[in-house]
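Counting along the sequence shown from 1, when you hit position 341 you're at 483 in my numbering, and nothing is skipped either side. By construction, the Cβ of each residue, glycine as well, lies at the ideal position given by its N, Cα and C atoms. Here is the structure we will look at.
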Amino acid sequence: MTEAVEVNFDGLVGHTHNFGGLSHGNIASATNKNQISSPKQAALEGLEKALTLRNMGLVQGVLPPHERPFLPALKRLGFSGSDKNILESAYSTSPQLVANVSASSNMWAANAATISPASDCNDKRLHATPANLHTMVHRAIEDGQTSRTLSRLLENNDYFEVHKPLPHHALTSDEGAANHNRMCAEYGHKGLEIFIYGRDGFENFDAKYPARQTRQTGEIISRFHGLDDAYTIHARQSKKAIEAGAFHNDVVAVTNKNLLFFHEYAFEDKDGLQNEIKQKAQNLFEPIFIEVLNRDVPIEDAIKSYLFNTQIVSSPNENGLMTIIAPMECAQNLNVKRYLEYLIAGNSPIGAVRFVDVRGSMRNGGGPACLRLRVVLTPEEISKLGGRMLLSDKLHSELVAWVEKHYRDELSPKDLGDFSLVEEGRAALDELTQIMHLGSDFYDFQRV
Ligand code: SUG
Numbered sequence: 143m144t145e146a147v148e149v150n151f152d153g154l155v156g157h158t159h160n161f162g163g164l165s166h167g168n169i170a171s172a173t174n175k176n177q178i179s180s181p182k183q184a185a186l187e188g189l190e191k192a193l194t195l196r197n198m199g200l201v202q203g204v205l206p207p208h209e210r211p212f213l214p215a216l217k218r219l220g221f222s223g224s225d226k227n228i229l230e231s232a233y234s235t236s237p238q239l240v241a242n243v244s245a246s247s248n249m250w251a252a253n254a255a256t257i258s259p260a261s262d263c264n265d266k267r268l269h270a271t272p273a274n275l276h277t278m279v280h281r282a283i284e285d286g287q288t289s290r291t292l293s294r295l296l297e298n299n300d301y302f303e304v305h306k307p308l309p310h311h312a313l314t315s316d317e318g319a320a321n322h323n324r325m326c327a328e329y330g331h332k333g334l335e336i337f338i339y340g341r342d343g344f345e346n347f348d349a350k351y352p353a354r355q356t357r358q359t360g361e362i363i364s365r366f367h368g369l370d371d372a373y374t375i376h377a378r379q380s381k382k383a384i385e386a387g388a389f390h391n392d393v394v395a396v397t398n399k400n401l402l403f404f405h406e407y408a409f410e411d412k413d414g415l416q417n418e419i420k421q422k423a424q425n426l427f428e429p430i431f432i433e434v435l436n437r438d439v440p441i442e443d444a445i446k447s448y449l450f451n452t453q454i455v456s457s458p459n460e461n462g463l464m465t466i467i468a469p470m471e472c473a474q475n476l477n478v479k480r481y482l483e484y485l486i487a488g489n490s491p492i493g494a495v496r497f498v499d500v501r502g503s504m505r506n507g508g509g510p511a512c513l514r515l516r517v518v519l520t521p522e523e524i525s526k527l528g529g530r531m532l533l534s535d536k537l538h539s540e541l542v543a544w545v546e547k548h549y550r551d552e553l554s555p556k557d558l559g560d561f562s563l564v565e566e567g568r569a570a571l572d573e574l575t576q577i578m579h580l581g582s583d584f585y586d587f588q589r590v
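Here it is as C-alpha cells:
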C-alpha cells in the first residue's frame, strides 16, 4: 500500500445499548422506545460488519465505547454520595435522566468528529474536531471521552491535530462527520470538503424536528482545520428532509471519491450545490452525481431503509468499481431493492451491493454509515497511530470474546437503574483498555 486510504473506524457498541426513545426527530428511536435490547447481539453485529469490510481488503478500525451510565454527568447535576447512591437517587428522581446518561449513542462514530485529511489542510497535517453534539442531552456528554479517544489515536502532533470541541451553544451545534462530506479523485489528493447544515445559527428555525447543525459550525471548523475556501462548500440540508426524519444529512446523501449519491429532497438547493461542486472541482476531479428521485424511492422509504446511510467503498479487490454496503433493511423494501438492482446493473461507478445486518443499531436510527468515522490516512500516518484500534483478525476475535464475556443478552429500561450494570461496565472497560492499549487512566472511573 503506497497511496492514502480511507480507514473506517467503527464505534464499538456499548454494554448499555438500549432503546431510550431519546432522539426527537429520529423516527426509529421514537418507534422502538422502551423495547428490550440485546447489547451483546448489537455489539457482535457491529464487529461482524467491521470484519466484512476488512475482508474486502479495506483498512478498518474500531473506537472504544464510552463509560455508561456516565456518573460524572449526574454528579454535575447535584447527585452525591457513593456511586451506588448517585445512580439510585438519580433513578428514583428521574428514570428518564438515567436513560439519558446511559445511552450507548457514542457507537455512532460518524458523529464523533469532523476529520480533514492532511492533503486538504494548509499545514499538511490531519485535523480533527470532536463534535459537541449539543442538541441532544444524551449526546452532549460524549465530547470529553471522544476527545480522549482521538487524542490517543492521533497522538503524534507532527502528523495530527485534535482540536477542542466547539463551545456548547445552539449557535455552534455540531454533529460531526454525519453532516460533512468530502469528494476527491483519489483519497490522498486534495479534495473538496462539503459541510451541510440544517439552520443558520442566528435564525429561529421553526420546524417539526430540530436542525442539529449550524452553518457557523462548518465555517468555524474550516478555519481551525486550515481549509482553503476555494475548495470548501457550505450547503443547506432541506427542511423537507429534516421534517421527514433525516436528522443528519448522512440519512439522505453520501459521497465516495468523485461520487455524490443523494435523494432528490436532500438539499435546499441541489442545483446550486451541484454547480458549486462542478466549479470548485474543476482542477481536481470530474464529479459524478447520482440523484434518486422521490418517485423512484419516496423519502419515507429512503429513511426507513437507510438507502443513503450506506457506505460506498472502493475496495482494492473490485477493479475500480465501488461497492455499496447497505443495511439488510434495504433488501426488504421493494422500492429500494428494485432501485439497488437497477443501480448496480447500470453503468454507474457502483458495481456491487453487500448487505450487512446491523439491526440493533438500525432500530435506534443508526445505519452502516452512522457506525463509522472516515479517516483518510497515508501508510506513514497509519504507522504513527496510537493505541490498538486497527482491526486485525486477532483483535477482532479478542473483541468478540470480550463482548461474549461481558455483555448481557437482554436489557430492559428498568435495568438502567441497577448498579450491577455499572460494575459490569467498569470490569469490561478496564479489560478493554488493556486489549486496545488505551492506558490505565482512559475512562473517568479509572481516574479516581
Ligand atoms: O443521534 N440515535 C442517534 C443515531 C445517530 C445516527 N448517526 C448518524 N446519522 N450519523 C441519534 O439520534 C437514539 C438513542 C435512543 O433513543 O436510545 C440515538 O441517539
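Subject >> Nearest neighbour of Arg296, chosen from Val518, Leu541, Arg568, Ser315 [CA to CA] >> reply: If you number the sequence shown from 1, residue 296 lands on position 154. What sits at residue 296 in the sequence shown is Leu, not Arg. Closest by C-alpha distance to Leu296, out of Val518, Leu541, Arg568, Ser315, is Val518.
Subject >> Completely contained beta strand (DSSP E) runs for the stretch 342–398, where each covers 3 or more residues >> reply: For the stretch 342–398, the continuous beta strand (DSSP E) assignments of 3+ residues that do not extend past its boundaries occur at 374–378, 395–398, in sequence order.
Subject >> the stretch 364–382 / the stretch 280–294 touching (three or more Cβ pairs under 8 Å) >> reply: Judged by pairs of C-beta atoms under 8 Å, the stretch 364–382 does not touch the stretch 280–294, as fewer than three such pairs exist.
Original post:
Is Asn436 helix, strand or coil by DSSP?
Top reply: Locating residue 436 in the sequence shown gives position 294, where the first residue counts as 1. Asn436: coil per DSSP, three-state reduction.
Subject >> Start-to-end residues for the beta strand (DSSP E) that takes in Val149 >> reply: As a position in the sequence shown, residue 149 is number 7, starting the count at 1. That run of the beta strand (DSSP E) goes 147–153.
**OP:** Could you check what DSSP says for Asn323 in three-state terms: helix, strand or coil?
**Re:** If you number the sequence shown from 1, residue 323 lands on position 181. In this structure, Asn323 counts as strand in the three-state DSSP scheme.
**OP:** Tell me whether the beta-carbon of Phe151 lies closer than 7 Å to the beta-carbon of Leu515.
**Re:** Counted from its first residue, the sequence shown places residue 151 at position 9. Counted from its first residue, the sequence shown places residue 515 at position 373. Result yes, Cβ atoms of Phe151 and Leu515 sit closer than 7 Å.
Original post:
Whole-angstrom Cβ separation of Arg324 and Tyr339, contact assumed at under 8 Å?
Top reply: As a position in the sequence shown, residue 324 is number 182, starting the count at 1. As a position in the sequence shown, residue 339 is number 197, starting the count at 1. Not quite, the Cβ-Cβ distance comes to about 16 Å (not below 8 Å), so this is no contact.
Original post:
Name the DSSP beta bridge partners of Met198, please?
Top reply: Taking the first residue of the sequence shown as position 1, residue 198 is located at position 56. Here Met198 is not bridged, per DSSP, to any residue.
**OP:** Determine the extent of the alpha helix (DSSP H) in which Ser539 is found, giving its start and end residues.
**Re:** Mapped onto the sequence shown, residue 539 falls at position 397. For Ser539, the uninterrupted alpha helix (DSSP H) segment begins and ends at 535–548.
Original post:
Can you tell which of Leu239, Val201, Lys182 has the C-alpha that lies nearest to the C-alpha of Leu219?
Top reply: As a position in the sequence shown, residue 219 is number 77, starting the count at 1. Among Leu239, Val201, Lys182, the Cα nearest to that of Leu219 belongs to Leu239.
Original post:
Who are the near neighbours of Ala349 in its chain, counting only those whose CB is closer than 7 Å to its CB and skipping five residues on each side?
Top reply: Taking the sequence shown and counting its residues from 1, one reaches residue 349 at position 207. Once the five neighbours on either side are set aside, the close Cβ partners of Ala349 are Lys381, Ile384, Glu385.
**OP:** Would you mind stating whether Asp438 and Val478 have Cβ atoms separated by less than 7 Å?
**Re:** The residue given as residue 438 occupies position 296 in the sequence shown. The residue given as residue 478 occupies position 336 in the sequence shown. No. Outside cutoff.
**OP:** Entirely within the stretch 452–514 and at least 3 residues each: give me those beta strand (DSSP E) ranges in chain order.
**Re:** 453–455, 464–469, 492–498, all fully within the stretch 452–514.
**OP:** List in chain order: all unbroken alpha helix (DSSP H) runs of 4+ residues lying wholly within the stretch 233–259.
**Re:** With a minimum length of 4 residues, the continuous alpha helix (DSSP H) runs that stay inside the stretch 233–259 are 237–244.
**OP:** Figure out for me which residue from Gly387, Phe427, Arg378, Ser180 has the closest Cα to the Cα of Lys412.
**Re:** Residue numbering aside, residue 412 sits at position 270 when the sequence shown is read from its first letter. Taking the Cα of Lys412 as reference, the smallest distance to any Cα among Gly387, Phe427, Arg378, Ser180 is reached at Arg378.
**OP:** Taking Gly333 as the reference, give the member of Gln424, His579, Ala487, Gly581 with the closest Cα.
**Re:** For the purposes of this step, residue 333 is taken as the residue at position 191 of the sequence shown. Comparing Cα positions, the closest option is Gln424.
**OP:** Using three-state DSSP, classify Val279 as helix, strand or coil.
**Re:** In the sequence shown, the residue the question calls residue 279 occupies position 137. Collapsing the DSSP output to three states places Val279 in coil.
Subject >> Heavy atom of the ligand SUG within 6 Å of Asn248 beta-carbon >> reply: Translated into positions along the sequence shown, residue 248 becomes position 106. It does not: the Cβ of Asn248 is nowhere closer than 6 Å to a heavy atom of the ligand SUG.
Original post:
Looking only at DSSP bridge pairs, what is Pro272 linked to?
Top reply: As a working mapping, residue 272 is identified with position 130 in the sequence shown. BP columns for Pro272 point to Ala255.
Original post:
Which residue or residues does DSSP assign as beta-bridge partners of Ile441?
Top reply: Your numbering for residue 441 matches position 299 in the sequence shown. In the DSSP output, where bridge partners are listed per residue, Ile441 has none listed.
**OP:** Let me know if Asp535 comes out buried or exposed under the rule of 16 or more other beta-carbons within 10 Å of its beta-carbon.
**Re:** The residue you call residue 535 lines up with position 393 of the sequence shown. In the assembly as shown, Asp535 is an exposed residue. Its beta-carbon has fewer than 16 other beta-carbons within 10 Å.
Original post:
Quick one: does the C-beta of Asn506 sit closer than 6 Å to a heavy atom of the ligand SUG?
Top reply: Locating residue 506 in the sequence shown gives position 364, counting from the first residue. Annotation for Asn506 indicates a beta carbon within 6 Å of some heavy atom of the ligand SUG.
Subject >> Beta-carbon proximity check, Ser457 vs Met198, cutoff 7 Å >> reply: Translated into the one-based positions of the sequence shown, residue 457 becomes position 315. Translated into the one-based positions of the sequence shown, residue 198 becomes position 56. Yes; because the gap between Cβ atoms is below 7 Å, this pair is in contact.
**OP:** Measuring alpha carbon to alpha carbon, tell me which of Gly581, Gly559, Leu580 ends up nearest Thr235.
**Re:** Here residue 235 is taken as the residue at index 93 of the sequence shown, counted from 1. Of the listed residues, the one whose Cα sits closest to Thr235 is Gly559.
Subject >> Leu519 - partner residues in DSSP beta bridges >> reply: Position 377 of the sequence shown, counting from 1, holds the residue named residue 519. Note: Leu519 sits in a beta bridge opposite Val147.
**OP:** Would you kindly work out how many angstroms separate the C-alpha atoms of Cys263 and Ile257, rounded to a whole number?
**Re:** Working through the sequence shown from its first residue, we reach residue 263 at position 121. Working through the sequence shown from its first residue, we reach residue 257 at position 115. In this structure, the CA atom of Cys263 is about 10 Å from the CA atom of Ile257.
**OP:** Look at Asn391 and Asn321 and say whether their C-beta atoms are less than 7 Å apart.
**Re:** Walking along the sequence shown from the start, residue 391 turns up at place 249. Walking along the sequence shown from the start, residue 321 turns up at place 179. Taking the C-beta atoms as reference points, Asn321 is found nearer than 7 Å to Asn391.
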